[in-house]
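When you line the first sequence up against numbering that gives the first Met the number 0, it's residues 0 to 482, in that order. Ideal Cβ positions, reconstructed from N, Cα and C, are used throughout, including at glycine. These figures come from a predicted structure and were not determined experimentally. Below is one structure, written out as structure tokens; comments come after it.
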Amino acid sequence: MTRRVSTRLMNICVASLCRARRVDAAERVVADGIRLGCLPDVVTYNTLVAAYCRLVGVDAAYSVLHRMREAGLHPNVVTYNSLIAGSARGRRLPLSLDLFEELLRVGLSPDVWTYNNLMHCLFRSGCPDHALRVLMSMESANLAPSSATYNILINDLCKRGAARDALRLFRYLERVGFPRDLVTFNTLIDGLFKSGRFGTARRLFWELLGSGRAPNVVTYTTMMKGCFRSRRFEEGLTMLGEIRRAGCRFDAFAYCNVISVLIKMGKMEAASDFVEEMIAQCGVLDRVCRNTQINLCFKLGKMDDGLDLLNQVDEIDGYTVSILVDGLCRNNRFLGAYNLLKSMATTGTWSNLVPYNCIIGALCKQGKVESMNFAMMLFSEMERTDSFTYASLLHGLCKLGRFLEAFRIMMAGVRKGVRLPTSVQRAVLTGLRLSRHKLHARKLSAPSSQVPGKAGSESRSGLAWADPNLDRDRIGDPAVLRD
DNA sequence: CTAGGGTTAG
Numbered sequence: 000m001t002r003r004v005s006t007r008l009m010n011i012c013v014a015s016l017c018r019a020r021r022v023d024a025a026e027r028v029v030a031d032g033i034r035l036g037c038l039p040d041v042v043t044y045n046t047l048v049a050a051y052c053r054l055v056g057v058d059a060a061y062s063v064l065h066r067m068r069e070a071g072l073h074p075n076v077v078t079y080n081s082l083i084a085g086s087a088r089g090r091r092l093p094l095s096l097d098l099f100e101e102l103l104r105v106g107l108s109p110d111v112w113t114y115n116n117l118m119h120c121l122f123r124s125g126c127p128d129h130a131l132r133v134l135m136s137m138e139s140a141n142l143a144p145s146s147a148t149y150n151i152l153i154n155d156l157c158k159r160g161a162a163r164d165a166l167r168l169f170r171y172l173e174r175v176g177f178p179r180d181l182v183t184f185n186t187l188i189d190g191l192f193k194s195g196r197f198g199t200a201r202r203l204f205w206e207l208l209g210s211g212r213a214p215n216v217v218t219y220t221t222m223m224k225g226c227f228r229s230r231r232f233e234e235g236l237t238m239l240g241e242i243r244r245a246g247c248r249f250d251a252f253a254y255c256n257v258i259s260v261l262i263k264m265g266k267m268e269a270a271s272d273f274v275e276e277m278i279a280q281c282g283v284l285d286r287v288c289r290n291t292q293i294n295l296c297f298k299l300g301k302m303d304d305g306l307d308l309l310n311q312v313d314e315i316d317g318y319t320v321s322i323l324v325d326g327l328c329r330n331n332r333f334l335g336a337y338n339l340l341k342s343m344a345t346t347g348t349w350s351n352l353v354p355y356n357c358i359i360g361a362l363c364k365q366g367k368v369e370s371m372n373f374a375m376m377l378f379s380e381m382e383r384t385d386s387f388t389y390a391s392l393l394h395g396l397c398k399l400g401r402f403l404e405a406f407r408i409m410m411a412g413v414r415k416g417v418r419l420p421t422s423v424q425r426a427v428l429t430g431l432r433l434s435r436h437k438l439h440a441r442k443l444s445a446p447s448s449q450v451p452g453k454a455g456s457e458s459r460s461g462l463a464w465a466d467p468n469l470d471r472d473r474i475g476d477p478a479v480l481r482d
């Protein structure tokens, strides 16, 4: 009896440590328990399996499974559900299917969560048809779908750009009186924002408020990001204020969200305040939090502080490298940035697209011939490029009046399927047209016979910067063309 | 135990 009670106590302790992402501490509690004769049970192991799946990965969770079996305990549905959820998160479709089969083989019966997780994995792995088949087999197994089932469905529809269908499903659930929870609302609001339907998203937010349900941090940060996305800055900041007013607790996710938005808006003091608060509130900062923190240091020009932070950690990811490369470029340390990027090839397995784009973007902004040439050299050695790469290069070339070169690169990019903003395309084409014109004019007429007024008014009609929708700074200095 | 929200380049 005493053993049972102490195991339950240990489980509560392990669970709360896992919730706080402190798996190591949880493991120590279990080890101490065993030493003191308090044996872990299925719940203990399941808690650990779930934590490893969530915080590390399925493979790490398998080692717990192993220990569990060694202790003579059999995994149950909960164990399998966590593992399937973990493989869904890692898009490990074959693994999740194996787990499902194994579950059936050992004589366990799947529950709603099993089906939900499997369906989720199929959706995430790009197999919507199979996912829907799982939904149907769930029905034939006489298992009633939960709100999570529909949330997964709605989420998938949103991710595939079918927010309209997601909304339809949402309305259907409303009509038949199926309970929709906060996650349903949050998922759909986010999906609507991402498909550009600002008004509908905002109406849904009001509907949520009207339904008497209390929004959470997720709702507010989703609204905030959605507002910024559609350039409604005031409303976005209002949402930020609402998080505090509603008494929502910020977690690491919310902090990083808010801080990155503030940095992008140039509200550096506010961003710094939130970083301080994050450090005070979140305890041990995870990788993303630290990246956010380092990013702020670099954006503030505090290179040394950023590098100090960097030295304190041993796990670096692609984001960290990008942030660092960007920070170096902002301080004109291009060679350092380039060397770092090159060292990535040997140390990391991440894509170097963003770091390359950072360097090229910064070089092109300089408007110097030698910088531009360096940028072109980098461009030629990139194995993967995207519209950022092209936009930076074309911008830089136009700035230097190298329109023909820009045009050729643009056409090569277009042939490769790169989608460029129309403003960039127009800048190149107008520049090319104008420089040809200029060459022509120079050949035809003697300088003395030129009528300045005429030339000016004629060219203005075809000038890219006469377009009010166009950002003048993106095209470069018109003086370059005029001379 | 599951579903939803986080970090980089313009």
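Simplified DSSP assignment, three categories, for residue i
i, result
"R383", "coil"
"R414", "helix"
"R425", "helix"
"L352", "helix"
"R14", "In the sequence under discussion, the amino acid at residue 14 is Ala, which differs from the Arg named in the question. In the structure shown, A14 sits in a helix (DSSP, three-state: H, G or I)."
"P178", "coil"
"R104", "helix"
"C247", "coil"
"R201", "helix"
"K367", "coil"
"A129", "The sequence given here places His at residue 129; Ala does not occur at that position. Reduced to three states, the DSSP call for H129 is helix."
"L419", "coil"
"A213", "coil"
"S229", "coil"
"P451", "The predicted model places P451 with a pLDDT of 41, which falls under 50 and marks its position as unreliable, so this point remains unresolved."
"N45", "helix"
"T319", "helix"
"H436", "helix"
"R7", "helix"
"R163", "helix"
"A19", "coil"
"S194", "coil"
"N185", "helix"
"R170", "helix"
"N331", "coil"
"G400", "coil"
"H394", "helix"
"L72", "coil"
"R407", "helix"
"R53", "helix"
Beta-carbon proximity check, residue i vs residue j, cutoff 8 Å
i, j, result
"L295", "S271", "yes"
"V324", "I358", "yes"
"R91", "V48", "no"
"I151", "L117", "no"
"L181", "R212", "yes"
"V13", "V29", "yes"
"Y318", "L340", "no"
"S321", "C363", "no"
"F169", "R179", "yes"
"C328", "A374", "no"
"F197", "M222", "no"
"L156", "A147", "no"
"R123", "A87", "yes"
"G400", "S434", "yes"
"F273", "I258", "yes"
"M488", "Y389", "One cannot answer for residue 488 here, as it falls past the ends of the chain, which runs 0 to 482."
"S95", "C120", "yes"
"C247", "V216", "yes"
"N75", "L107", "yes"
"T78", "D40", "no"
Cβ distance (whole Å) where residue i is taken to contact residue j below 8 Å
i, j, result
"N45", "S81", "7 Å"
"K298", "M267", "7 Å"
"V427", "F402", "6 Å"
"L64", "D110", "Incorrect: roughly 19 Å between the Cβ atoms, too far for contact."
"G225", "A200", "6 Å"
"A162", "S194", "4 Å"
"A60", "G85", "6 Å"
Extent of the continuous alpha helix (DSSP H) run through residue i
i, result
"L117", "V111 to R123"
"S62", "V57 to E69"
"R88", "V76 to R88"
"L38", "Run containing L38: none; DSSP gives neither H nor E here."
"A25", "V22 to R34"
With a floor of 4 residues, list each alpha helix (DSSP H) that falls wholly inside the segment 252-316, ordered by position along the chain.
-> 267-281, 286-298 and 302-310
Identify every run of the alpha helix (DSSP H) within the segment 131-160, keeping only runs that are complete inside it and at least 4 residues long; order them along the chain.
-> 146-158
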